[in-house]
Amino acid sequence: MSQARMVKLEKDILSKNNEYADANRKMFAERGVLALNLVSSPGSGKTTLLCRTIDALRGKLPIAVIEGDQQTSSDADRIRATGAPAIQVNTGKGCHLDAHMVGHAADHLDLAEGGLLLVENVGNLVCPAGFDLGEAHKVVVLSITEGEDKPLKYPDMFAAADLMLLNKTDLLPHLDFDVEACIANARKVNPRIKVLRVSARTGEGMSDWTAWIGAARAMALTGHPLAAELKGAA
Amino acid sequence: MHEMAICESIRGILEEEAARQDFRKVGRVCLEIGRLSAVEVEALKFGFDVVMRGSLAGDARLEIVETEGRAWCMPCGQSVPIAARFDPCPDCGSHQLQVTGGEEMKIRELEVS
Numbered sequence: 001m002s003q004a005r006m007v008k009l010e011k012d013i014l015s016k017n018n019e020y021a022d023a024n025r026k027m028f029a030e031r032g033v034l035a036l037n038l039v040s041s042p043g044s045g046k047t048t049l050l051c052r053t054i055d056a057l058r059g060k061l062p063i064a065v066i067e068g069d070q071q072t073s074s075d076a077d078r079i080r081a082t083g084a085p086a087i088q089v090n091t092g093k094g095c096h097l098d099a100h101m102v103g104h105a106a107d108h109l110d111l112a113e114g115g116l117l118l119v120e121n122v123g124n125l126v127c128p129a130g131f132d133l134g135e136a137h138k139v140v141v142l143s144i145t146e147g148e149d150k151p152l153k154y155p156d157m158f159a160a161a162d163l164m165l166l167n168k169t170d171l172l173p174h175l176d177f178d179v180e181a182c183i184a185n186a187r188k189v190n191p192r193i194k195v196l197r198v199s200a201r202t203g204e205g206m207s208d209w210t211a212w213i214g215a216a217r218a219m220a221l222t223g224h225p226l227a228a229e230l231k232g233a234a
Numbered sequence: 235m236h237e238m239a240i241c242e243s244i245r246g247i248l249e250e251e252a253a254r255q256d257f258r259k260v261g262r263v264c265l266e267i268g269r270l271s272a273v274e275v276e277a278l279k280f281g282f283d284v285v286m287r288g289s290l291a292g293d294a295r296l297e298i299v300e301t302e303g304r305a306w307c308m309p310c311g312q313s314v315p316i317a318a319r320f321d322p323c324p325d326c327g328s329h330q331l332q333v334t335g336g337e338e339m340k341i342r343e344l345e346v347s
């Protein structure tokens, strides 16, 4: 039996995931792809929102989608019905997408240069917060039927997101949802979070959301050769 | 949150380091877990035993050093302790805080043979 010794590591437990995320980020940057990681609880309306987003941006830029769910391919089927290429990742027992899964799926999608990649994470307000996928921004979707206290109950997700989409605003007249209190709660956790009110069903606020995507895309393309080309086309 | 996945990451790192640093058994694993890291320490301890079973760290003792949450209060211009992400500054009550500590999830050191 060899003698016991100490090994100093000081290594991040998620270092492996972060290495894959860095590789994804580099690949997205080279191709001028804006990658957004959409996170929320199950049933917030993410998939409907994505379908509407694809409709709104049709012909303006190439869009691809990675769908994460524990089981079934029904979400990817809904996305493909819009005409956008989509890959379903089933995480099985896993409660979140990780950077390795996303890199693998992105390889299969053959992302168009200068396009938009929408990653719909597994419906879960807890675990996906901790896993960097190499995205430019996490976008948290909160539907108003979930209650205004969710940013305080699940602070890590709201701290990790750059944008909160308050979805299903068409239901506001039927509920006792306090929009201002919800936004105040989100800002307690993350003073820099931006908030947009949308209804994927009626289309309310969708132009604000697509304008935000346009601005984020311009940021992602800063310094990329495609930036000048797109400016010429606009 | 995803303590099992975290334990699997730890196991992967241990196996990699075993090959790199030439050891066969891990007797003790020392982790640094920040109080704002969204890791539930009790769930991590449970997951550790389950995930390490049959591996090079099957008999390893797990030690967890928890680090306090700290944030920079922008109005006060000073570093303050916080227990949760939505805590206000204990001095001025502002939520304009930038978390500076307590998010760690690290393997500090190992006892190996």
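Those protein sequence lines, which keep their order, are chains X and H. First residue of the first sequence? That's 1 in the numbering used here, and the numbers climb one at a time after it. First residue of the second sequence? That's 235 in the numbering used here, and the numbers climb one at a time after it. A virtual CB, placed ideally from N, CA and C, is assigned to each residue, including glycine.
Residue 160(X) classed as buried or exposed, judged by whether at least 16 other C-beta atoms fall within 10 angstroms: buried
Contact list for the stretch 244 to 257 of chain H against chain X, Cβ threshold 8 Å: 244, 246, 247, 251, 255 and 257
CB of residue 39(X) within 9 Å of CB of residue 116(X), strictly: no
Per DSSP, the bridge partner or partners of residue 298(H): 265(H)
Check whether residue 343(H) and residue 179(X) have beta carbons under 9 Å apart: no
Interface residues of the stretch 70 to 83 of chain X facing chain H [CB-CB below 7 Å]: none
Validate contact between the stretch 66 to 84 of chain X and the stretch 147 to 167 of chain X using beta carbons, cut 8 Å, 3 pairs: no
Interfacial residues, the stretch 166 to 196 of chain X to chain H, with Cβ spacing under 7 Å: 187, 188, 189 and 191
Contact with chain H by residue 90(X), beta-carbon distance below 9 Å: no
Interface residues of the stretch 126 to 156 of chain X facing chain H [CB-CB below 7 Å]: 126, 127, 129, 130, 152, 155 and 156
Close Cβ partners of residue 329(H) (< 7 Å) along its chain, the five nearest in sequence each way excluded: 322
Within 9 Å of chain X by C-beta, residues of the stretch 279 to 292 of chain H in sequence order: none
CA-to-CA distance, residue 166(X) to residue 196(X), given in whole angstroms: 6 Å
Burial state of residue 36(X), where buried means 16 or more other Cβ atoms lie within 10 Å: buried
Cβ neighbours of residue 84(X) in the same chain (closer than 7 Å, five flanking residues each side left out): 54, 63, 64 and 65
Per-residue burial, residue 219(X) [other beta carbons within 10 Å of its own, 16 or more giving buried]: exposed
Alpha helix (DSSP H) segment containing residue 276(H), residue limits: 275 to 286
Through-space distance from residue 237(H) to residue 270(H), alpha-carbon basis: 14 Å
Residues near residue 183(X) by beta carbon distance below 7 Å, same chain, minus five either side: 195
Touch test, the stretch 125 to 133 of chain X against the stretch 96 to 111 of chain X, Cβ-Cβ under 8 Å, three pairs minimum: yes
Short Cβ contact (9 Å threshold) for residue 333(H) with residue 305(H): yes
Cβ shell of residue 285(H) (< 7 Å), same chain only, five flanking positions each side left out: 238, 241, 242 and 245
Inter-stretch contact (C-beta, 8 Å, three-pair minimum) for the stretch 275 to 294 of chain H and the stretch 41 to 58 of chain X: no
Residue(s) in a DSSP beta bridge with residue 306(H): 313(H) and 332(H)
6 Å Cβ shell around residue 325(H) - same chain, five flanking residues per side excluded: 310
For residue 346(H): DSSP bridge partner residues: 5(X) and 260(H)
Neighbour-count burial assignment, residue 234(X), 16 or more Cβ in a 10 Å radius: With a pLDDT of 47 at residue 234(X), under the threshold of 50, the modelled position of this residue cannot be trusted; read the value that follows with caution. Exposed, because fewer than 16 other Cβ atoms sit within 10 Å of the Cβ of residue 234(X).
Burial state of residue 137(X), where buried means 16 or more other Cβ atoms lie within 10 Å: buried
Host alpha helix (DSSP H) of residue 102(X) (start-end): 99 to 109
Backbone secondary structure at residue 153(X) - three-state DSSP: helix
Closer than 9 Å to chain X by CB, residue 312(H): no
9 Å Cβ cutoff, residue 322(H) in contact with chain B: Annotation note: the requested chain B is absent from the structure, which comprises protein chains X and H.
Short CB-CB distance (under 9 Å) between residue 163(X) and chain H: no
For residue 252(H), the three-state DSSP class (helix, strand or coil): helix
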